[in-house]
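Novice:
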Amino acid sequence: MSTGAKKRIMREYGECMSDTPPGMKITFDEQNMTEWEILLDGPEQSVYAGGHFKLKLTFPNEYPFKPPVVSFKTKIYHPNVSNDDKGSMCLGLLRPEEWKPPNKVVAVLRLIQTLLIEPNPDDAIEPSIANEYKENRKEFDKTAKDWVKRYAK
Amino acid sequence: MDPAGQHRDMMYCHECHDEWYRDEHGLTCPECGSDFTEIIEEDHDPRDHDDDDDDSMPDLEDHHPQHPLHHHDPFQPADDPEEGDISRLQWRQVGPGRFSVTGTVYRTVSPHGQGRDDGGANALGGFASILNNMIGGAARGQPAPEDAVHRFSYTSSARLAPRDAINPQAHMEPVDEMTNVLVGLMATFGEAPGGPNAQHPHGHPPHANGPGGGQMPFHPILALLNGMRPGNGTMGDFVYSQEGLDRIISQLMEQTQSSNAPGPASQQEIDALVRKPVTTEMLGSEGRADCSICMEEVNIGEEVTELPCHHWFHHPCVAAWLAEHDTCPHCRQGISKHERPSNTADGNTGASGVNNHGQMPGSFAMGDGPANDATLVQENWENSGSSQQDSSSGGIGDRIRRGLFGPPHR
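If you read the sequences in order, they're chains A and B. All residue numbers in the first sequence are consecutive under UniProt numbering, ending with 153. All residue numbers in the second sequence are consecutive under UniProt numbering, ending with 410.
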């Protein structure tokens with residue numbers, strides 16, 4: 001990774017520290033600054049309220065020319081998070097072809113928060129969950145809350 | 001009809017079906033006194049409608065000129081598809097070289113194939129030739145007698161072109177050649193294109209097609225496969241359901257994902273970019289600006305590279321990006337020659353116009369706090385969208401917006 005990229009990550013970290021989005025805690029390992037650990041509280045107005053989700057944000061070597069990679073370490077029932085051990089999230093500005101260098105980590109973190117409040121079933125990574133979200137919202141809410149209790153406490 | 005060789009008006013009573021000569025009894029029926037009578041004329045014989053229950057002149061039938069459909073029996077086992085059998089056939093040109101055909105043909109043939117006459121066979125051939133004529137009438141097929149109900153359903157749509165916001169779209173072959181569509185249709189009618197006498201490219205003799213043979217037809221799927229070989233199509237070019245179409249579209253999108261973004265800009269083009277020192281006007285509202293790629297602050301007098309869209313960056317920063325993507329990191333406008341004039345952005349008025357003039361990188365990074373970042377991303381997209389509306393597919397902007405702000409209804 002170029003020194004320019006490292007510098008930028010440092011800058012972005014400073015920016016996030018000075019103005020962390022509410023309900024979010026960022027842990028940063030100086031030995032490995034390309035992997036951030038994020039502790040995210042389920043937004044109050046969402047079905048994930050009360051849950052604490054651990055996420056990993058990985059910066060590729062090509063950052064900022066390639067987007068950071070977001071993965072949920074805590075299991076979450078969500079149309080836009082893959083329901084496997086990766087827990088990956090890949091949509092919107094996180095898509096490689098849609099990413100552009102001026103995008104910043106803060107925008108990524110906000111995107112994640114927004115998606116917890118309002119999932120985007122039309123751009124889902126888990127079609128069955130997306131379908132349930134659209135067709136049977138009650139059942140979706142129930143399972144999502146159940147998973148919060150089981151995995152995100 | 002003129003018994004005496006000279007013309008005499010014949011009268012007919014609709015009430016009692018009586019007939020008489022007008023010069024003998026006049027216009028009123030001599031039998032029942034009804035006024036509901038009519039003069040029988042050669043081209044208008046009211047008895048035609050009524051002679052079911054009137055056997056008085058059975059011989060007249062034979063003197064009528066034979067109607068072409070005289071022996072037509074719509075209920076006999078005919079080979080021609082009735083209008084109702086061909087349903088929902090839509091043939092639309094959706095773009096240059098792109099067609100969309102949707103249709104379903106039900107065809108029912110009784111085992112007594114011998115009974116059909118030439119008219120029946122030609123009707124189907126006629127339908128096929130209509131289709132053929134639409135592409136120049138090269139091939140002509142004859143239907144084979146078949147003892148089955150064949151259902152042909154075809155759905156197609158144009159290929160998705162890769163997104164290229166700036167450059168004219170490269171010419172793409174449509175997914176489905178018109179001929180492939182026809183081949184599929186023809187095959188369903190039991191005949192490979194080219195007619196029964198066409199030599200099959202794979203050396204198989206054309207299958208026997210004698211009238212009244214009553215042979216078992218090809219299995220429809222086999223017929224389709226068989227029919228497709230002569231064309232340049234492959235099985236993957238055909239979809240038979242909405243799900244199939246969706247699957248192919250997803251596949252295409254995945255395949256073209258890497259090529260979705262414009263390719264790299266050439267080194268000459270990168271080298272030819274304008275370099276200029278940062279001036280006061282280029283700074284953000286706070287009098288500061290930075291390169292939005294490395295986020296280093298840029299001072300007045302420092303040399304930066306400006307793209308045709310007026311966004312500027314450190315030269316090494318933007319060169320690294322352009323070497324992989326011919327787009328502005330901000331607005332995605334390309335730097336290549338065939339782009340739109342660089343001043344299209346000037347068409348924007350007010351704040352967005354200002355935004356497009358160098359202030360944006362600064363304000364994006366420093367002028368506004370992180371709280372506004374998401375909004376800025378959206379604004380940037382709206383700016384670029386308005387200057388590139390027709391060339392950009394808009395999909396990516398929409399997707400980002402969707403990702404950030406939810407579905408488009410908002």
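Beta carbons are placed, not taken as given, at the ideal position from N, Cα and C, and that holds for glycine. The model shown is predicted, which means the values in this text are computed figures rather than measured ones.
Kindly say whether ASN355(B), judged by its beta-carbon, lies nearer than 8 Å to any beta-carbon of chain A.
Specialist: In the second sequence, counting from the first residue as 1, residue 355(B) sits at position 355. Reliability of the predicted coordinates at ASN355(B) is poor, the pLDDT of 38 falling under 50, and no value is obtained from them.
Novice: Identify whether MET282(B) lies in helix, strand or coil by the three-state DSSP scheme.
Specialist: The sequence position of residue 282(B) within the second sequence is 282, counting from 1. Helix.
Novice: Let me confirm a value: ALA272(B) is counted as buried when at least 16 other C-beta atoms fall within 10 Å, else exposed. Which label applies?
Specialist: The residue labelled residue 272(B) in the question sits at position 272 within the second sequence. Counting Cβ neighbours within 10 Å, ALA272(B) comes out exposed, since fewer than 16 surround it.
Novice: Please tell me whether residue 412(B) and PRO101(A) are closer than 8 Å, where the distance is taken between their beta carbons.
Specialist: Outside the shown range of chain B (1 to 410) lies residue 412(B), about which nothing can therefore be said.
Novice: Using the beta-carbon count (16 or more within 10 Å), is GLU15(B) buried or exposed?
Specialist: Residue mapping note: residue 15(B) aligns to position 15 of the second sequence, counting from 1. Looking at its Cβ environment, which holds fewer than 16 other Cβ atoms inside 10 Å, GLU15(B) is exposed.
Novice: Flag MET253(B) as yes if its beta-carbon sits less than 8 Å from any beta-carbon of chain A, otherwise no.
Specialist: Counting from 1 along the second sequence, the entry for residue 253(B) is found at position 253. No, MET253(B) lies away from the interface with chain A (no Cβ there is under 8 Å from its Cβ).
Novice: Using a Cβ-Cβ cutoff of less than 6 Å, which residues in the same chain neighbour HIS207(B) once the five nearest sequence positions on both sides are dropped?
Specialist: By 1-based counting over the second sequence, the position of residue 207(B) is 207. Here the model assigns HIS207(B) a pLDDT of 43, short of 50, so the residue's position is not dependable, and the following value carries that caveat. Once the five neighbours on either side are set aside, HIS207(B) has no close Cβ partner at all.
Novice: For PRO174(B), does the three-state DSSP call read helix, strand or coil?
Specialist: On the second sequence, residue 174(B) is found 174 positions in, with the first residue counted as 1. Unreliable placement is indicated for PRO174(B), whose pLDDT of 48 sits below 50; no coordinate value is reported for it.
Novice: Leaving aside the five residues before and after GLU303(B) along the sequence, list all residues of the same chain whose C-beta is less than 6 Å from its C-beta, in chain order.
Specialist: Counted from its first residue, the second sequence places residue 303(B) at position 303. Answer for GLU303(B): ARG275, PRO277, listed in chain order.
Novice: With a cut-off of 8 Å, do at least 3 Cβ pairs link the stretch 70–79 of chain A to the stretch 45–57 of chain A?
Specialist: yes
Novice: So, with DSSP's three-state summary, where would you put ALA5(A)?
Specialist: Reading the first sequence from its first residue, position 5 is the one you call residue 5(A). Three-state DSSP puts ALA5(A) in a helix.
Novice: Who are the near neighbours of VAL81(A) in its chain, counting only those whose CB is closer than 6 Å to its CB and skipping five residues on each side?
Specialist: Counting from 1 along the first sequence, the entry for residue 81(A) is found at position 81. Shown here for VAL81(A): same chain residues with a beta carbon closer than 6 Å to its own, the five before and five after excluded, namely PHE72, GLY87, MET89 in chain order.
Novice: Return the residues of the stretch 135–149 of chain A that lie within a Cβ-Cβ distance of less than 8 Å from chain B, sorted by chain order.
Specialist: Correct list: empty, as no residue qualifies.
Novice: If I follow the unbroken beta strand (DSSP E) through LYS54(A), where does it start and stop?
Specialist: The residue you call residue 54(A) lines up with position 54 of the first sequence. First-last of the beta strand (DSSP E) with LYS54(A): 52–58.
Novice: Any contact between the stretch 125–135 of chain A and the stretch 29–41 of chain A? By contact I mean 3 or more CB pairs, one from each, below 8 Å.
Specialist: no
Novice: At a Cβ cut of 8 Å, what residues of the stretch 39–71 of chain A count as close to chain B, listed as they run along the chain?
Specialist: PRO64, PHE65
Novice: With distance defined between alpha-carbon atoms, name the residue in GLN267(B), PRO264(B), PHE313(B), ALA265(B) nearest to MET282(B).
Specialist: For the purposes of this step, residue 282(B) is taken as the residue at position 282 of the second sequence. Residue PHE313(B) is the option with its Cα nearest to MET282(B).
Novice: When the Cα of VAL106(A) is compared with those of GLY4(A), THR3(A), SER18(A), MET1(A), which residue comes out closest?
Specialist: Sequence index remark: in the first sequence, residue 106(A) carries index 106 (1-based). Of the candidates GLY4(A), THR3(A), SER18(A), MET1(A), the one whose C-alpha sits nearest the C-alpha of VAL106(A) is SER18(A).
Novice: DSSP beta-bridge partners for LYS276(B)?
Specialist: For the purposes of this step, residue 276(B) is identified with residue 276 of the second sequence, where counting begins at 1. Answer is VAL304(B).
Novice: Are the beta-carbon atoms of ASP123(A) and LEU91(A) separated by less than 8 Å?
Specialist: As a working mapping, residue 123(A) is identified with position 123 in the first sequence. As a working mapping, residue 91(A) is identified with position 91 in the first sequence. Yes, they are a contact pair.
Novice: Exposed or buried, what is GLY301(B) when buried is set at 16 or more other beta-carbons lying within 10 Å of its beta-carbon?
Specialist: One-based indexing of the second sequence puts residue 301(B) at position 301. It counts as exposed.
Novice: Please work out which residues of its chain come closer than 7 Å, Cβ to Cβ, to CYS328(B), disregarding the five sequence neighbours upstream and downstream, and give them in chain order.
Specialist: Position 328 of the second sequence, counting from 1, holds the residue named residue 328(B). For CYS328(B), where only same-chain residues beyond five positions count, the Cβ hits under 7 Å are LEU307, CYS309, HIS311.
Novice: According to DSSP, simplified to helix, strand and coil, what is ASP290(B)?
Specialist: For the purposes of this step, residue 290(B) is identified with residue 290 of the second sequence, where counting begins at 1. Looking at ASP290(B) - three-state DSSP - the assignment turns out to be strand.
Novice: Are any of the Cβ atoms in chain A nearer than 8 Å to that of HIS330(B)?
Specialist: Numbered from 1 along the second sequence, position 330 holds the residue referred to as residue 330(B). Yes, HIS330(B) lies at the interface with chain A (some Cβ there is under 8 Å from its Cβ).
Novice: Which residue's Cα is closest to the Cα of LEU116(A): GLU98(A), LYS145(A), THR20(A), PRO96(A)?
Specialist: Numbered from 1 along the first sequence, position 116 holds the residue referred to as residue 116(A). Ranking GLU98(A), LYS145(A), THR20(A), PRO96(A) by Cα distance to LEU116(A) puts LYS145(A) first.
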